[in-house]
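Going by the numbering used here, the sequence shown opens with residue 131, and the numbers climb by one from there.
Even glycine gets a Cβ: it sits at the ideal position worked out from N, Cα and C.
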Amino acid sequence: MTPGSGMDEIHLLIFVCMSATALTDTTWMSRCFDLARRGIGRVSPNPPVGALLVYQDRILGEGYHQYYGGPHAEVNALFAVSDQDRHLIPDSTLYVSLEPCCITGKTPPCTDLILKEGIRDVRVSTTDPNPLVAGQGLNHLRNHGVRITGGILEEEGKSLIRPFATNILHQRPYVLLKWAQSRWGYAGIAEEQVWLSDPLTKTWSHSQRAQADAILVGARTVSTDDPALTVREFPGRSPSRVIFDPNGRLGPGCRVFTDDGCPIYYFAFKTNPDLQLQHITSIVINPEQDAFSQMLQTLFNHQVGILLAEGGPYLQKSIIKQGLWDEAWVVQTQHPLDHGITAPEVTGIKIDTNNTGHDQIVGILNASRPKIV
Ligand code: AOF
Ligand code: ZN
């Protein structure tokens with residue numbers, strides 16, 4: 131497999147056979163989305179992007195943005211073209227899930243590369259919400275005679291980069307909430323560990339963690355559950371850990387403070403002498419100001435693009451009260467718990483429903499935050 135090509139021959143064959151009846155713009159763009167998704171968990175706070183170079187219904191090269199600071203999707207797709215096919219590049223069509231950039235960031239502008247390669251047909255799903263690009267990439271190409279087609283599967287393209295759009299426009303991490311609740315809407319019992327969800331849901335939970343840059347939990351959850359907050363049952367790297375311990379109650383024996391190479395951010399209202407350890411970034415926040423906003427600001431400054439707030443219910447309820455959440459993932463279990471701490475409640479747009487074991491998982495998008503994409 132060439133770097134950035136990302137598809138073995140069997141998968142390519144299956145993909146082309148499945149789409150043999152209709153190799154349309156939407157077919158190719160769906161493939162770009164599949165490629166883009168491979169970067170989720172590694173590219174944030176950049177967007178996941180996939181690209182494909184097609185010549186007469188044949189993929190010459192494909193690629194995706196693989197890691198933050200690394201080459202963009204278009205660069206990897208062009209790099210994947212074999213020497214025998216290079217002469218076909220000017221007569222092929224470039225599909226990209228996001229408008230090509232026209233800025234020099236950590237990497238040079240993709241528009242320069244596209245023009246240098248002589249590509250004359252570029253098709254995209256959505257424009258780049260980055261104010262430094264925001265349509266100028268497409269305009270630049272258009273002004274140099276490139277034929278541009280935009281808006282292919284635009285809704286899907288926009289939802290793929292929703293976290294990035296929030297990061298770049300609101301200058302804060304994208305906030306995901308996740309909790310499990312009993313059949314009667316309870317999230318747990320104070321100071322007692324209660325396992326509500328089906329064991330099969332753990333794999334899904336870990337896949338969620340693998341997509342986040344950091345996981346947040348409050349001190350109560352740490353002292354009751356002693357979670358590790360790592361990704362163990364799904365391929366992917368473990369995110370950073372963020373602990374909110376306003377009154378400085380926790381000690382270094384908790385599993386979240388294990389030195390396993392994952393960055394650890396510890397937020398409290400005063401210095402906790404027990405946690406002045408080299409591998410822990412301790413941040414004292416101002417009790418006079420909103421704690422969560424201060425944490426979001428600090429985490430964003432540390433490149434956290436996606437924050438998964440896993441618990442507990444009190445912390446999540448206060449986040450919901452402030453409206454500072456973007457997606458909530460509710461694991462509705464069959465557990466009969468009928469007392470204790472009530473689960474948080476959210477209203478929004480249902481974006482996904484799926485079942486694992488006896489649980490039903492519902493994804494809800496916060497509809498009342500300012501519209502950004
Ligand atoms: C693209 N293709 O695959 C991505 C784009 O610092 P850099 O050089 O990585 O640039 C980051 C910006 O580039 C990012 O804010 C967004 O506007 C765009 N991302 N553009 O043409 C890609 N990932
Ligand atoms: Zn680019």
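ask   = Do the stretch 301-310 and the stretch 425-440 meet, that is, are 3 or more Cβ pairs less than 8 Å apart?
value = yes
ask   = Do you know offhand how far I491's Cα is from I170's?
value = 20 Å
task = Note down, in chain order, each residue of its chain lying with its Cβ closer than 7 Å to the Cβ of I345, except the 5 sequence neighbours on either side.
result = R339, L359, P369, R371, V372, L438 and E440
request  = Using beta-carbon positions only, say whether E321 and T354 come within less than 8 Å of one another.
outcome  = yes
inquiry  = Are there any heavy atoms of the ligand AOF lying less than 7 Å away from the beta-carbon of A439, as far as the coordinates show?
reply    = A439 has its Cβ no nearer than 7 Å to any heavy atom of the ligand AOF.
ask   = Who are the Cβ neighbours of F294 in its own chain at under 6 Å, not counting the five residues just before and after it?
value = P177
In DSSP terms, what I189 is bridged to = V184
message = Buried or exposed, going by whether 16 or more other CB atoms sit within 10 Å of the CB of L407?
response = By the 16-neighbour rule on beta-carbons within 10 angstroms, L407 is exposed.
task = Compute the minimum distance between the beta carbon of E204 and the heavy atoms of the ligand ZN, and state whether it is under 7 Å.
result = yes
key: Inter-residue spacing [alpha-carbon to alpha-carbon] between H195 and Q341   = 15 Å
inquiry  = Beta-carbon within less than 8 Å of G156's beta-carbon, same chain only, minus the 5 sequence neighbours each way: which residues are those?
reply    = Inspection of the sequence shows that residue 156 is occupied by Thr rather than by Gly. Answer for T156: I282 and L283, listed in chain order.
key: A497, buried or exposed, once every other Cβ within 10 Å from all chains shown has been counted against 16   = Taking all protein chains in view, the Cβ of A497 is surrounded by fewer than 16 other Cβ atoms within 10 Å, so the residue is classified as exposed.
query = Smallest Cα separation from T477: which of H465, V460, N484 and H488?
reply = V460
ask   = Taking only beta-carbon atoms, is R167 less than 8 Å away from chain D?
value = Note that chain D does not occur in the displayed structure, where there is just one protein chain.
message = Just to confirm the assignment, what range does the alpha helix (DSSP H) spanning G287 have?
response = E284 to L290
ask   = So, I366 versus G470, is the Cβ gap smaller than 8 Å?
value = The amino acid occupying residue 366 in the given sequence is Gly; Ile does not appear at that position. No, Cβ-Cβ distance for G366 and G470 is not below 8 Å.
Enclosing beta strand (DSSP E) for D242 [first to last residue] = Segment C240 to K246 is the alpha helix (DSSP H) holding D242; no beta strand (DSSP E) there.
message = Below 7 Å, is the gap between the Cβ of C162 and the nearest heavy atom of the ligand ZN?
response = No, the beta carbon of C162 sits no closer than 7 Å to any heavy atom of the ligand ZN.
ask   = Would the beta-carbon of P293 be found less than 7 Å away from any heavy atom of the ligand AOF?
value = no
query = Is it right to say W325 is buried, meaning 16 or more other beta carbons lie within 10 angstroms of its own, or is it exposed?
reply = exposed
Local Cβ density within 10 Å of P230, reported as buried at 16 or more and exposed below that = buried
task = For R385, name the three-state secondary structure that DSSP assigns.
result = helix
Continuous alpha helix (DSSP H) stretch holding G267: start and end = Q266 to N273
inquiry  = Please state the DSSP three-state secondary structure of I170.
reply    = coil
key: Cα-Cα separation, R161 to R499   = 31 Å
key: Simplified DSSP assignment, three categories, for S498   = In this structure, S498 counts as coil in the three-state DSSP scheme.
message = Mapping the DSSP letters down to three states, classify I219 as helix, strand or coil.
response = helix
task = Thinking A310 and T463 are a contact (beta carbons under 8 Å), I'd like their distance in whole angstroms, please.
result = 6 Å
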